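Novice: The structure's right below; bear with me while I get my questions together.
Numbering (this note's numbering), first residue to last: 232 to 434.
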């Protein structure tokens with residue numbers, strides 16, 4: 232059931248479309264506030280199942296995910312690996328992920344596309360999350376070297392991002408004043424012609 236807060240959170244960041252696309256794509260955005268309720272076990276399993284079925288080079292499936300719930304010691308340890316900016320709001324999340332990829336194929340050859348494939352996996356997770364009205368906010372601001380040390384990540388794997396998850400909703404007052412403006416700003420995208428051209432490379 233969609234709550235009023237969820238409807239509000241989705242609607243005030245509506246996208247200005249040039250073409251008709253599926254709502255699960257254009258209604259998705261990356262909030263910094265979330266509803267004050269835990270993500271269900273079933274929904275988490277469905278998110279990870281969606282990731283599991285993403286395409287990957289040679290079907291290597293190089294993605295690796297560490298996840299934890301708000302209130303756990305591991306949540307705090309991931310929190311301490313984040314940039315100060317991300318720490319200012321991420322306490323509102325229900326679940327935190329650390330994403331990583333395996334750098335080489337099982338035969339020892341470098342997997343040039345592993346990072347690309349991790350992105351595909353997280354995209355699958357993101358759109359499955361949207362189906363359940365779970366917001367996904369990906370963060371580049373993570374000290375991956377510190378995360379490697381804290382979580383004893385073995386050689387051959389590379390921590391890449393942190394991801395905050397939570398149901399849409401929550402109150403803007405949960406954010407520092409300087410972030411409220413960012414949260415309510417209009418969404419922007421480059422013109423299609425800047426990124427896609429027929430018979431010519433876009434620059």
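All C-beta atoms in this analysis are idealised placements derived from N, C-alpha and C, irrespective of residue type, glycine included. Quick caveat, the model's predicted, so the values are computed rather than measured.
#1: Indicate whether the contact test is met: 3 or more Cβ pairs, each with one atom in the region 395-415 and one in the region 335-346, closer than 8 Å.
#2: Since residue 276 is in the alpha helix (DSSP H), which residue starts that stretch and which ends it?
#3: Determine the burial state of residue 427: buried for a count of at least 16 other Cβ atoms within 10 Å of its Cβ, exposed for fewer.
#4: Exposed or buried, residue 364, counting other C-beta atoms within 10 Å across all chains shown (16 or more means buried)?
#5: Return helix, strand or coil for residue 362, following the three-state DSSP convention.
#6: Am I right that residue 399 and residue 266 are in contact with their C-beta atoms under 8 Å? What's the rounded C-beta distance?
#7: Verify the contact flag: residue 259, CB atom, against every heavy atom of the ligand MG, threshold strictly below 8 Å.
#8: Determine which residues share a DSSP beta bridge with residue 370 and list them.
#9: Drop a sphere of 10 angstroms on the beta-carbon of residue 273, count the other beta-carbons inside from all chains shown, and report buried for 16 or more, exposed for fewer.
#10: Within 10 angstroms of its Cβ, does residue 432 collect 16 or more other Cβ (buried), or is it exposed?
#11: Quick check: residue 285 and residue 277, are their CB atoms within less than 9 Å of each other?
#12: What residue range does the beta strand (DSSP E) around residue 332 cover?
#13: Is it a yes or a no for the region 372-386 touching the region 309-321, going by three-plus beta-carbon pairs under 8 Å?
#14: Would you tell me roughly how many angstroms separate the C-alpha atoms of residue 346 and residue 257, rounded to the nearest one?
Specialist: Inspection of the coordinates gives the following:
#1: no
#2: Here residue 276 refers to the residue found at position 45 of the chain shown. Taken as a continuous stretch (DSSP letters only), the alpha helix (DSSP H) holding residue 276 covers 272-283.
#3: Here residue 427 refers to the residue found at position 196 when the chain shown is read from its first residue. It counts as exposed.
#4: Counted from its first residue, the chain shown places residue 364 at position 133. With 16 or more other Cβ atoms within 10 Å, it is buried.
#5: For the purposes of this step, residue 362 is taken as residue 131 along the chain shown, with counting starting at 1. The answer is helix: DSSP assigns residue 362 an H, G or I state.
#6: Your numbering for residue 399 matches position 168 in the chain shown. Your numbering for residue 266 matches position 35 in the chain shown. Sure, about 7 Å apart at Cβ, within 8 Å.
#7: No copy of the ligand MG occurs in the structure displayed, which carries no ligand at all.
#8: Within the chain shown, numbered from 1, the residue matching residue 370 stands at position 139. 393.
#9: As a first step, residue 273 must be located in the chain shown, where it is residue number 42. By the 10 Å Cβ count, residue 273 comes out exposed.
#10: By one-based count along the chain shown, residue 432 stands at place 201. It is exposed - the Cβ of residue 432 has fewer than 16 other Cβ atoms within 10 Å.
#11: For the purposes of this step, residue 285 is identified with residue 54 of the chain shown, where counting begins at 1. For the purposes of this step, residue 277 is identified with residue 46 of the chain shown, where counting begins at 1. No, the Cβ-Cβ distance between residue 285 and residue 277 is not below 9 Å.
#12: For this step, residue 332 is matched to residue 101 along the chain shown. First-last of the beta strand (DSSP E) with residue 332: 326-333.
#13: yes
#14: In the chain shown, the residue the question calls residue 346 occupies position 115. In the chain shown, the residue the question calls residue 257 occupies position 26. The alpha-carbon atoms of residue 346 and residue 257 are separated by roughly 24 Å.
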